[in-house]
Amino acid sequence: MHVKTRDPIDSSEATKLVDICNLISWEESISGFLLAGWIFSSIICGVLPWRSHIYLTGPVGAGKTWVIENLINRCLRGIGLTVQGSSTEAALRHTMKGDARPVLFDEGEADTRENAARMQRIFGLARQASSEGAAPIIKGTQNQTGALEYIFRSCFVFASIQPSMIHYADESRITLLRLAIPYGGGGERFQKLLNARNRILTDSFCDGLISRAVLMAPIIRHNHWIFAEAGEEKFGNRRAADQFAMMLAGLYSLMNDRKLQDHEDAKEFILRHDWEGRLKERPIPSEVTLLETILQTEVLIESGNARKMLGELVASEIYNSNGRYQEQDVLRRHGLKVVGDTLHIANRCVGLSKILKDTPWSSKWNQTLINTLGAEKSKAGEFFAAGIQSRSVIIPMPESLREVDDVE
Numbered sequence: 002m003h004v005k006t007r008d009p010i011d012s013s014e015a016t017k018l019v020d021i022c023n024l025i026s027w028e029e030s031i032s033g034f035l036l037a038g039w040i041f042s043s044i045i046c047g048v049l050p051w052r053s054h055i056y057l058t059g060p061v062g063a064g065k066t067w068v069i070e071n072l073i074n075r076c077l078r079g080i081g082l083t084v085q086g087s088s089t090e091a092a093l094r095h096t097m098k099g100d101a102r103p104v105l106f107d108e109g110e111a112d113t114r115e116n117a118a119r120m121q122r123i124f125g126l127a128r129q130a131s132s133e134g135a136a137p138i139i140k141g142t143q144n145q146t147g148a149l150e151y152i153f154r155s156c157f158v159f160a161s162i163q164p165s166m167i168h169y170a171d172e173s174r175i176t177l178l179r180l181a182i183p184y185g186g187g188g189e190r191f192q193k194l195l196n197a198r199n200r201i202l203t204d205s206f207c208d209g210l211i212s213r214a215v216l217m218a219p220i221i222r223h224n225h226w227i228f229a230e231a232g233e234e235k236f237g238n239r240r241a242a243d244q245f246a247m248m249l250a251g252l253y254s255l256m257n258d259r260k261l262q263d264h265e266d267a268k269e270f271i272l273r274h275d276w277e278g279r280l281k282e283r284p285i286p287s288e289v290t291l292l293e294t295i296l297q298t299e300v301l302i303e304s305g306n307a308r309k310m311l312g313e314l315v316a317s318e319i320y321n322s323n324g325r326y327q328e329q330d331v332l333r334r335h336g337l338k339v340v341g342d343t344l345h346i347a348n349r350c351v352g353l354s355k356i357l358k359d360t361p362w363s364s365k366w367n368q369t370l371i372n373t374l375g376a377e378k379s380k381a382g383e384f385f386a387a388g389i390q391s392r393s394v395i396i397p398m399p400e401s402l403r404e405v406d407d408v409e
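Structure follows, in structure tokens:
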């Protein structure tokens with residue numbers, strides 16, 4: 002691995018990396034800035050208080066692999082570990098051996114059940130790598146010679162046509178950067194990018210970039226903390242602020258040699274950029290996705306062999322107070338009951354277990370549902386249907402059901 006820590010480039014030179022990243026065709030203008038910041042911070046990912054991951058996605062021909070091979074990997078000069086989509090979580094752990102290096106994971110498609118399961122294990126490894134204070138990973142050995150302990154402190158860049166994260170914990174740690182194919186073709190724009198890459202990303206520039214990151218490590222870490230604290234209001238919560246802090250600290254430290262002075266200094270830098278599209282697309286909390294999964298499940302109504310979603314049956318009870326008893330029975334056999342302006346969801350119910358089989362909530366779904374805004378636990382067991390008596394999570398009626406205008 003080639004690492005050279007002398008002759009660091011100055012901020013005027015380092016800013017050229019930002020210019021190159023902005024020549025890529027993005028769906029959102031902020032993406033080029035975030036990529037540049039991620040590249041710079043990833044060089045010293047092991048010393049950061051939070052390691053953010055990014056996911057390059059876009060249609061066939063948008064240039065995802067080109068960006069990884071010719072831009073990111075070029076800047077990292079062998080520091081990064083580049084792997085292909087068939088790589089496994091176990092292989093990554095054994096290869097890294099505790100090194101704090103960025104991981105470049107190309108073609109991470111989840112096009113089969115086997116690949117989807119493998120990618121979830123990779124995302125799990127990335128999730129454990131994010132936090133500075135995360136406990137070590139302990140794995141047994143096949144020959145029973147004793148457990149092996151791993152401390153994983155890497156940041157990942159993934160690339161595929163279709164992102165395959167399914168857990169909120171992963172979606173909130175992985176920032177999507179969407180590439181686009183320019184209208185009318187991108188030949189001229191790509192030629193500008195290629196020329197800039199060849200002209201600017203020389204060996205001496207990339208060595209100087211690495212030197213700058215290493216020598217500025219205390220400053221980047223300081224700026225990371227300030228951005229995380231100052232960004233909480235802008236980004237809505239501390240997790241989102243932590244996620245963007247790594248990229249913002251890298252971006253700021255590419256363009257400046259000094260530390261951020263205070264929170265106001267950080268806020269002013271944040272507000273220079275267009276976050277509108279980014280903030281509209283926040284990860285959906287697990288409790289919301291869980292409730293949507295339940296309510297959008299189709300079930301059989303015995304009369305007429307009709308099929309309806311559970312959400313439609315809930316809406317039917319809201320808007321038809323005299324009740325439709327067959328539909329009501331189906332709803333309750335699946336562990337759902339409408340009581341006034343609330344929806345009661347059973348903690349234990351075979352019907353719900355079948356719906357949630359092969360999902361992240363296959364058991365203990367109540368522990369996720371209780372995080373719903375305004376939710377509370379029932380004080381005693383409730384009767385849902387013959388053989389189904391259980392405590393429940395009581396949630397306010399979802400707005401999507403309140404807005405139904407006409408239910409047959």
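All you need for the working numbering is the position in the sequence shown, starting with 1, plus 1.
Virtual Cβ for every residue (Gly too), placed ideally from N, Cα, C.
| Can you tell which of D243, G99, E318 and L180 has the C-alpha that lies nearest to the C-alpha of R52? | D243
| message | Using DSSP's beta-bridge definition, name the partner residues of V394. | response | I346 and K378
| query | So A307 is in the beta strand (DSSP E); what residue range does that whole segment cover? | reply | A307 to M310
| Residue interval of the beta strand (DSSP E) (run including S161) | F157 to S161
| At what residues does the beta strand (DSSP E) containing L105 begin and finish? | V104 to F106
| request: With distances taken Cα to Cα, identify the nearest neighbour of L374 among H335, N348 and E288. | output: E288
| query | When you compare only the Cα positions, how much space is there between G99 and L291? | reply | 35 Å
| request: Identify the continuous beta strand (DSSP E) that holds H412 and give its terminal residues. | output: Absent from the structure is residue 412, since the part of the chain shown begins at 2 and ends at 409.
| message | Using 8 Å as the threshold, is the C-beta distance between N257 and S12 below it? | response | yes
| Opposing strand residues paired with W51 [DSSP bridges] | S132
| Got a sec: does the ligand ZN put a non-hydrogen atom nearer than 7 Å to the Cβ of M256? | What this structure holds is no ligand at all, so the ligand ZN is not there to describe.
| query | By DSSP, does R179 sit in helix, in strand, or in coil? | reply | strand
| said: Going residue by residue through the region 201-275, where are the continuous alpha helix (DSSP H) segments of at least 4 residues, counting only ones entirely within it? | reply: 204-216, 218-231, 233-236, 239-256 and 264-271
| Any idea if T176 is buried or exposed, counting beta-carbon neighbours within 10 angstroms, 16 or more meaning buried? | buried
| said: Tell me the DSSP secondary structure of W67 in three-state form. | reply: helix
| query | For L301, which of helix, strand or coil comes out of DSSP? | reply | strand
| query | Do L57 and V68 come within 8 Å of each other at the CB atom, strictly closer than that value? | reply | yes
| Candidates S317, K378, N238 and A117: which alpha carbon is nearest D359's? | A117
| field | Separation of F245 from S30, as counted between CA atoms | value | 15 Å
| query | Under the DSSP definition of a beta bridge, which residues are partnered with L337? | reply | I346
| Contact between the region 194-206 and the region 15-35: three or more CB pairs below 8 Å? | yes
| Residue interval of the alpha helix (DSSP H) (run including V414) | Here the chain comprises residues numbered 2 to 409, so residue 414 is not present and cannot be evaluated.
| field | Selected residue, minimal CA-CA separation from I182, among A63, R154, Q85 and E400 | value | A63
| First and last residue of the alpha helix (DSSP H) that includes V19? | S12 to L24
| message | Could you check whether the region 295-304 touches the region 344-361, counting it as contact only if at least three pairs of C-beta atoms, one from each stretch, sit closer than 8 Å? | response | yes
| field | Residue closest to L194, alpha-carbon to alpha-carbon, out of D266, L72, L272 and H345 | value | L72
| request: Quick one: give me the first and last residue of the beta strand (DSSP E) that V84 is part of. | output: L82 to V84
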